[in-house]
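> Got a structure for you, written out below as structure tokens; questions coming shortly.
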Amino acid sequence: PPPAGPVFCAMAASPLWDRQFVRGMEVLRRRPSSGLSQSHSEAIFRVTTRDPARIFSALPLVVHCWNSIDQTGSAEVSRDQFNKWLDRPVQRITAEFLDFAQMHNNGDGSQAIVEAIRDSFDFVMTMMSESFSKFFGDKVPGKRIHFGDFVVFILTGDLAPPEVSMAEIWQWALVPRAQVSTTTPVSPSKRPADEPAGDCLQRIEALLSHIGQQAEFVTDTKVCTRLMAGIDIAESLLS
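And the structure:
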């Protein structure tokens, strides 16, 4: 479903723009061992084009791997950070996986859990290696990747469209709509003090309609996020 109201950027029709997708992935990033709500799971599923059963079973462990790389919690990592993690001895990575599995399963260190981790080890490490090659194969100095870009690759096996900035989407999606409505600067109204409230609402609806006619031509993520934040404000005035 579109992430905002009756009017939205054409580029924002993608499931990547669903607030529930971003927030679900943030739940995992902050607490990989926690579960996902149904709405979060469904939003992540809509983005996923790889084998959903395999991806969903491995996703908490993959996100845990990201967190092991992103020690500062900045949601961005460099080539050196990623490469340093991949270069560690296999035994150390395996031990880390098993520790995470026990935490994920409330301390259960049963043989079944151990076997499950071993079964997914190669799959997870292949995805991590593929991610490194995809993002850092060009060896651009100082390049960093955002968690959102990493997630999109893990779920789809491909990069986000070049015109889409996942960092911008993350920033937009994690601001509560009520907060956007109350904290975004809005120019003082130029309408006369005695203008009927109904006329004012009609002007807002007309403006939203005009935005909708132009939105299909928006191809820049930053412009789209600002447009959608404006829609949030307008819709709060209409509600």
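Going by my numbering, the sequence shown opens with residue 2, and the numbers climb by one from there.
From the three backbone atoms N, C-alpha and C, an ideal C-beta is built for every residue, glycine too.
Grouping DSSP H, G and I as helix and E and B as strand, with all else coil, what is THR183?
In this prediction, THR183 scores a pLDDT of 42, lower than 50, which makes its location untrustworthy; the coordinate-derived value is nonetheless stated afterwards. Note: THR183 maps to helix in three-state DSSP.
> Within 10 Å of its beta-carbon, does ARG80 have 16 or more other beta-carbons around it, so buried, or fewer, so exposed?
Result: buried.
> Can at least three beta-carbon pairs, one atom from the region 152-167 and one from the region 45-60, be found at a separation below 8 angstroms?
With a cut-off of 8 angstroms, the region 45-60 and the region 152-167 count as touching, because enough Cβ pairs lie within range.
> Taking the C-alpha atoms as reference points, what is the distance between THR95 and PHE122?
Answer to the nearest angstrom: the Cα atoms are 8 angstroms apart.
> Rounded C-beta distance between SER130 and LEU87? I'm assuming under 8 angstroms.
The pair is a contact, with the Cβ atoms about 7 angstroms apart (cut-off 8 angstroms).
> How should PRO33 be labelled, buried or exposed, when 16 other C-beta atoms within 10 angstroms of its C-beta is the threshold for buried?
Classification for PRO33: buried.
> For the alpha helix (DSSP H) containing SER42, list its first residue and its last residue.
Counting along the chain, the alpha helix (DSSP H) containing SER42 begins and ends at 39-48.
> Using 8 angstroms as the cut-off, can you tell me whether the region 39-55 makes contact with the region 139-150, which would need three or more C-beta pairs spanning the two stretches below that distance?
Because the criterion of three Cβ pairs below 8 angstroms is not met, the region 39-55 and the region 139-150 do not touch.
> For GLN21, count neighbouring Cβ atoms within 10 angstroms of its own Cβ and tell me buried if that reaches 16, exposed if not.
Buried: at least 16 other Cβ atoms inside 10 Å.
> Could you tell me which residues DSSP puts in a beta bridge with GLU27?
In the DSSP output, where bridge partners are listed per residue, GLU27 has none listed.
> Leaving out five residues on either side along the sequence, give the residues of the same chain with a beta carbon under 6 angstroms from the beta carbon of PHE137.
Counting only Cβ-Cβ distances below 6 angstroms, and skipping sequence neighbours, we find ARG80.
> With distances taken between CB atoms, is the gap from ARG24 to ASN68 smaller than 9 angstroms?
No; because the gap between Cβ atoms is not below 9 angstroms, this pair is not in contact.
> Mapping the DSSP letters down to three states, classify SER69 as helix, strand or coil.
In the structure shown, SER69 sits in a helix (DSSP, three-state: H, G or I).
> Looking only at its own chain, which residues have a Cβ that is under 8 angstroms from the Cβ of SER40, when we skip the five neighbours before and after it?
Taken in chain order, the residues that qualify are GLN21 and GLY25.
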